[in-house]
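Trainee: The sequence shown begins at 12 in the numbering used here and counts up by one.
C-beta: ideal position from N, C-alpha, C; glycine also.
Take this structure first; my questions come after.
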Amino acid sequence: MGKIGVAVIVSSWVLAVSILLNHIVPQPYMDEIFHIPQAKQYCKGNLRSWDPMITTPPGLYIVSLAYVASLFPGLFSIKVDASFSEACSSSILRSTNGVLAVLCSILVYNILTHLRPSLNDRKVTLRTVVLALYPLHWFFTFLYYTDVASLTAVLASYLMSLKKKHFFSSLVGALAVLIRQTNIIWIFFIACTGVLDYILDQQKDSANLTDSSQSQGKDAFPVSSQGVGTRSNLRKRRIHNQAATFSSHTHQTIASTAVSSDFFHEVCEISSRLWQFKWELIASFWPYLIIIAAFIIFVFWNGSIVLGAKEAHTVSPHFAQLMYFSLVSVLFMTPVHFTIGQAAALAQSFCKKNKLVIFFQLCTALTVGFLSVHFFSIAHPYLVADNRHYTFYLWRKVIKSHWSMKYLLVPLYVYSWMSIFNILAKSRRKTWVLAYFLATAATLIPAPLIEFRYYTIPFFFLILHAHVDDDRSWLLMGILYVATNTFIMYMFLFRPFSWAHGAGVQRFIW
């Protein structure tokens, strides 16, 4: 079906659900009560106006401004809106994310095609459609939140980086940071993966050059007589051995970046290559450095990462957030992680290692998990007070149902991370997996509030690089996503409730 087919499929449900949601919930809801009025101020030209309760930069409003400007001539011609500011209605602003969701699906299609060129069009289409249904991404397609725009900008930056267009990647990356400031971590991650790819390409070029020189060396010694041939053969063997030694070293260097290589040797090799190609790397990746430097200056100037409501969003050592992310992610990939085959794969990977090393690693992982949930499990005031979020019920009914529950979940957290590492290590270098883990940690640990939508970007990087080859798993995930989306949207639209202490209709939301 291709990209056009993907766009048509995604557009069909975006249009249908958007019409239904805007009919039932026409007024701004939850965080929209801040975002939509702010966007309307921009539509009126009041670019200096700012709501102090908004924590994110104005990137989404700038995107919406451009989007509405593209629609306004058509809206004006059919007399829908008489002025530009009137065109910025709640439904039109929400449709910004609908359009971005379609664009995001096309980006996912292109990324999958680049990462897995062996996949045929049908398989790529299936994977793309399933990922477009990912519940934490799908639901916020229909509300005016920053999540869909944030994911779209980050994936666009990543795709351009994969295509070695680092200047344009950094430009889109700057937009991603303007939409949500924590995206600076993912832009830094994209730059790091680009550096790793650059180093690997240099190693491959060196290996190919060595092989070419070796083959030319073999052709350079014609045998004209038996004596000369003997001496030539001796010379050829010596030269061949030298070339083979150099080639072997080069291929070992490449192998050191493969998933089966020793991790510390891989890090040493990459560090050496970083120094060797430092000027070439600076010449290629300097735009990312400018973005990072500008962001550091902004943080010092602003006194915080967030723009508004700084007291409620202070940086906190919320290590338990990593535990929650791992479990939520593997649950949304249940047909991949919770199978006999995956359990057997994990057991097989353990059998290949030293038993003492395995015992030490498991004890360390469990200890870190127990310490994280005991000392660094944060109950944010918003979490325990707002019963509109599903995390409110998960916190009260599961994690806090008994004092021991948070500890009983630790082995499940550890299994989740080990399964994630195992799947990623099948297709990515160990340094890539480490960079991914550190980027995920840097994004989630400082966040004191448990918001599952914060997990969307790390989840997409996880599943895009987890080479799940069987269509059955993707179909089962698709069914899981459709069932989850149906339930969540039904509860949101048709099961409203009221607070005894407050006016207005309340609705369940992620």
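(1) Are the beta-carbon atoms of S105 and F153 separated by less than 9 Å?
(2) Any chance the CB of P68 is under 8 Å from a heavy atom of the ligand ZN?
(3) Ends of the alpha helix (DSSP H) at F284?
(4) Return the CA-CA distance between N131 and A376, expressed in angstroms with no decimal places.
(5) Let me make sure I understand the geometry here. Which of L487, M416, P507 and V74 has the alpha-carbon closest to that of T107?
(6) Any chance the stretch 453 to 467 sits against the stretch 169 to 184, with 3 or more Cβ pairs inside 8 Å?
(7) Please confirm whether K101 and P39 have their CB atoms less than 9 Å apart.
(8) Rounded to whole angstroms, what is the Cα-Cα separation between L166 and V395?
(9) Measure how close the beta-carbons of A143 and S172 come, nearest whole angstrom, since I'm counting them as under 8 Å.
(10) Rounded to whole angstroms, what's the CA-CA distance from T193 to E97? Just pull it up for me.
(11) Within 10 angstroms of the Cβ of S283, are there 16 or more other Cβ atoms? Answer buried if so, exposed if not.
(12) With DSSP as the reference, please indicate the residues paired to H400 in a beta bridge.
(13) Under the rule that 16 or more other beta-carbon atoms within 10 Å means buried, what is V19, buried or exposed?
(14) Taking 8 Å as the cut-off, does the stretch 479 to 490 touch the stretch 412 to 423 (at least 3 CB pairs, one atom from each stretch)?
(15) What would DSSP say about R249, mapped onto helix, strand or coil?
(16) Spatial neighbours of L285 within its chain, please: C-beta separation below 8 Å, excluding the five flanking residues on both sides.
(17) Beta carbon of Y447, beta carbon of F472: below 9 Å?
(18) Is the beta carbon of V347 sitting closer than 9 Å to the one on I434?
(19) Residue range of the alpha helix (DSSP H) that V493 falls in?
(20) To the nearest angstrom, how far is it from the Cα of R518 to the Cα of Y53?
(21) Alpha carbon to alpha carbon, how far is G109 from H148?
(22) At what residues does the alpha helix (DSSP H) containing A354 begin and finish?
(23) How long is the line joining the alpha carbons of S337 and W428, rounded to whole angstroms?
Mentor: To lay it out plainly:
(1) Before going on, a small fix: residue 105 reads as Arg here, not Ser. Contact flag set, yes.
(2) This structure lacks the ligand ZN; in fact it carries no ligand of any kind.
(3) Residue 284 is actually Arg in this sequence, not Phe. From DSSP, the alpha helix (DSSP H) with R284 extends over F274 to Q287.
(4) 39 Å
(5) When each option's Cα is compared against that of T107, the closest is V74.
(6) No, they do not touch.
(7) It should be pointed out that residue 101 corresponds to Ser in this sequence rather than to Lys. Closer than 9 Å, so yes.
(8) 33 Å
(9) Approximately 22 Å separates the beta-carbon atoms of A143 and S172; this is outside 8 Å, ruling out the contact.
(10) 32 Å
(11) exposed
(12) Residue pairing by DSSP places H400 opposite I520 in a beta bridge.
(13) exposed
(14) no
(15) Low per-residue confidence applies at R249: pLDDT is 41, beneath 50, and the placement is therefore not dependable, though the value from the model is reported in the following sentence. Helix, per DSSP.
(16) V206, I210 and L292
(17) yes
(18) yes
(19) Looking at the DSSP string, the run of the alpha helix (DSSP H) that includes V493 is D482 to F505.
(20) 28 Å
(21) Looking at the two C-alpha atoms, the distance is approximately 11 Å.
(22) I351 to C362
(23) Each residue's alpha carbon lies about 6 Å from the other.
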